[in-house]
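These notes concern the structure reproduced below.
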Amino acid sequence: MPKKYMVISDLHVGDKGPLEDFVYEEAFMDFLDYLAGTGGPPQKNQQIELVVNGDFIEFLQVPPLGGRDLSSGVSKIKTVLTRHKKVFQKLGAFLAAGNQIRIIPGNHDLELNFPRVQGLIADAVAGTDRSLKERLLFHPTFFYLLPEVYIEHGHQYDSRNRVDLDHLIQDAVTQSLNLPWGSRFVIEIFNEIEARYGFIDNVKPLLAGALIVLILDKDLFLERVPRFLGLEVENLLGMLKRILWPEVRSLDARPERLKQFHGDPESRKFIEDLAYLSGEELLQLGASQEKRLLGEKLWDRAKLKILRQTLSLIQSTDQLWEQSNSDPNIGKAKEIMATRRVKWVVFGHTHGAKKVNVGDGTYLNTGTWTDLLQLPSSGEEQTLKAWLRQLEERTSYLNVSKLSFVQIEYENSVPKGELMIWKDGKAEVDPGQ
Numbered sequence: 517m518p519k520k521y522m523v524i525s526d527l528h529v530g531d532k533g534p535l536e537d538f539v540y541e542e543a544f545m546d547f548l549d550y551l552a553g554t555g556g557p558p559q560k561n562q563q564i565e566l567v568v569n570g571d572f573i574e575f576l577q578v579p580p581l582g583g584r585d586l587s588s589g590v591s592k593i594k595t596v597l598t599r600h601k602k603v604f605q606k607l608g609a610f611l612a613a614g615n616q617i618r619i620i621p622g623n624h625d626l627e628l629n630f631p632r633v634q635g636l637i638a639d640a641v642a643g644t645d646r647s648l649k650e651r652l653l654f655h656p657t658f659f660y661l662l663p664e665v666y667i668e669h670g671h672q673y674d675s676r677n678r679v680d681l682d683h684l685i686q687d688a689v690t691q692s693l694n695l696p697w698g699s700r701f702v703i704e705i706f707n708e709i710e711a712r713y714g715f716i717d718n719v720k721p722l723l724a725g726a727l728i729v730l731i732l733d734k735d736l737f738l739e740r741v742p743r744f745l746g747l748e749v750e751n752l753l754g755m756l757k758r759i760l761w762p763e764v765r766s767l768d769a770r771p772e773r774l775k776q777f778h779g780d781p782e783s784r785k786f787i788e789d790l791a792y793l794s795g796e797e798l799l800q801l802g803a804s805q806e807k808r809l810l811g812e813k814l815w816d817r818a819k820l821k822i823l824r825q826t827l828s829l830i831q832s833t834d835q836l837w838e839q840s841n842s843d844p845n846i847g848k849a850k851e852i853m854a855t856r857r858v859k860w861v862v863f864g865h866t867h868g869a870k871k872v873n874v875g876d877g878t879y880l881n882t883g884t885w886t887d888l889l890q891l892p893s894s895g896e897e898q899t900l901k902a903w904l905r906q907l908e909e910r911t912s913y914l915n916v917s918k919l920s921f922v923q924i925e926y927e928n929s930v931p932k933g934e935l936m937i938w939k940d941g942k943a944e945v946d947p948g949q
């Protein structure tokens, strides 16, 4: 058993195309050199296990876009392995230094469950060296249990991205994956929108990204979102009215299609969240032609209100590292500590790196090695308007990044965890802890 575990997640390695989010390739390779001992510490002859805790490969944004079967997965991973050849060679060098790699699937890389995809990655990392391949482990379950430590990507506690583990394969013939709601939203909406608004994939959570699209380009929103939900625009607005206005909600006369729509709980929840966050101003989207001018004026005023609500969903740079107890994953971590009898719980998925004490245990989130959108410096009206203009012009918006990971080290069989950052060629404990 290694004495030291480095847990990293949410790299989202793609094809170096327009949807690529893995922009810190060189930094990651330097990090691997560091871990292997060829670029400085850690201690020599101390075996390290690198745990890649979900969303390693960005299968959702590599052509063929929308492909979810085995054939598509093989095609996608071949592209990724070719475009990022040096990264996988560095992983091989890390193994050759006597270390171990364990890969856990996330919601963006469910294709890692295919043995053929695993084999192609193993060949790219280890070549024909069987001893190296034996230390490249594709974890068979969605969680990894160590003495007093529980590691999991975390998407199973996000209803929009929860995977049906009992029905992972949708079609046994084509080996087609049963993708969660959030993955389908990315494929059918964000992949198209990102070509126009490149920052959209740097906004978390998904609902906040959708609301920013609504604020910036309501016509684009109305073109894409209702279609994804299986609704006409008028049907969507009708549902919003029923949610927002009790007198409409109580009416029995409803279009048959809306009755049927109740069978999709995640889409229904998305619409409810959209209504509550946006308020009645959202109904101005349905202004008739003769009321268009009035509707536009009302919409201009409504945008700032919706934006303020949206910003409350997004974590700023400071909040990413804030030891806040408002994170719902903290409650889930507490449950896991009790049921699994562990002291340390490590998640990824949210892209929000943090370390929080939970009773006599600790919750850690590994964060991400992708960019996040820089938020406005204040909630003042002029500041918000200037920030929106930057996004609309698509030229001067800013991204922020924290290249974070979690270190678990055992001493006398007792684990200790730290939230770490990779900065200026060295690893250091997050100074905010």
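For the record, in the sequence shown the residue sitting at position 423 is 939 according to the numbering used here, with numbers rising by one throughout. We treat Cβ as the ideally placed atom computed from N, Cα and C, and that holds for glycine.
- Going by C-alpha positions, L919 is about 43 angstroms away from K757.
- By the neighbour-count criterion, in which a residue is buried when 16 or more other Cβ atoms sit within 10 angstroms of its Cβ, K932 is exposed.
- When the Cα atoms are used, G643 and F544 turn out to be separated by approximately 21 angstroms.
- Under the three-state reduction of DSSP output, W885 falls in the coil class, being neither helix nor strand.
- By the criterion of at least three beta-carbon pairs nearer than 8 angstroms, the segment 582-594 is in contact with the segment 626-645.
- Within the segment 606-639, the complete beta strand (DSSP E) runs of at least 3 residues fall at 616-620.
- In terms of Cα proximity to D940, the closest of P518, V568, Y540 and A552 is Y540.
- For the 8 angstroms CB-CB criterion, H671 and I620 do not form a contact.
- Per DSSP, the beta-bridge partners of N915 are L889.
- Bounds of the beta strand (DSSP E) holding E934 are V930 to K939.
- Between G875 and K850 a beta carbon distance of about 7 angstroms is seen, short of the 8 angstroms cut, so the two are scored as contacting.
- For the options Y926, F921, S783 and V930, the alpha carbon positioned closest to that of D946 is the one of F921.
- For K871, the uninterrupted beta strand (DSSP E) run begins and ends at K870 to V874, by DSSP.
- N569 and R678 have their C-alpha atoms spaced approximately 16 angstroms apart.
- Of Y879, V741, L607 and D680, the smallest CA-CA separation from L653 is found for L607.
- Of A791, R856 and F715, the smallest CA-CA separation from Q890 is found for F715.
- Approximately 4 angstroms separates the beta-carbon atoms of L829 and A724; this is inside 8 angstroms, confirming the contact.
- Counting other Cβ atoms within 10 Å of its Cβ, S783 reaches 16 or more and is therefore classed as buried.
- By the beta-carbon neighbour count (other beta carbons within 10 angstroms, threshold 16), Y792 is exposed.
- A straight line joining the alpha-carbon of S917 with that of D526 spans about 12 angstroms.
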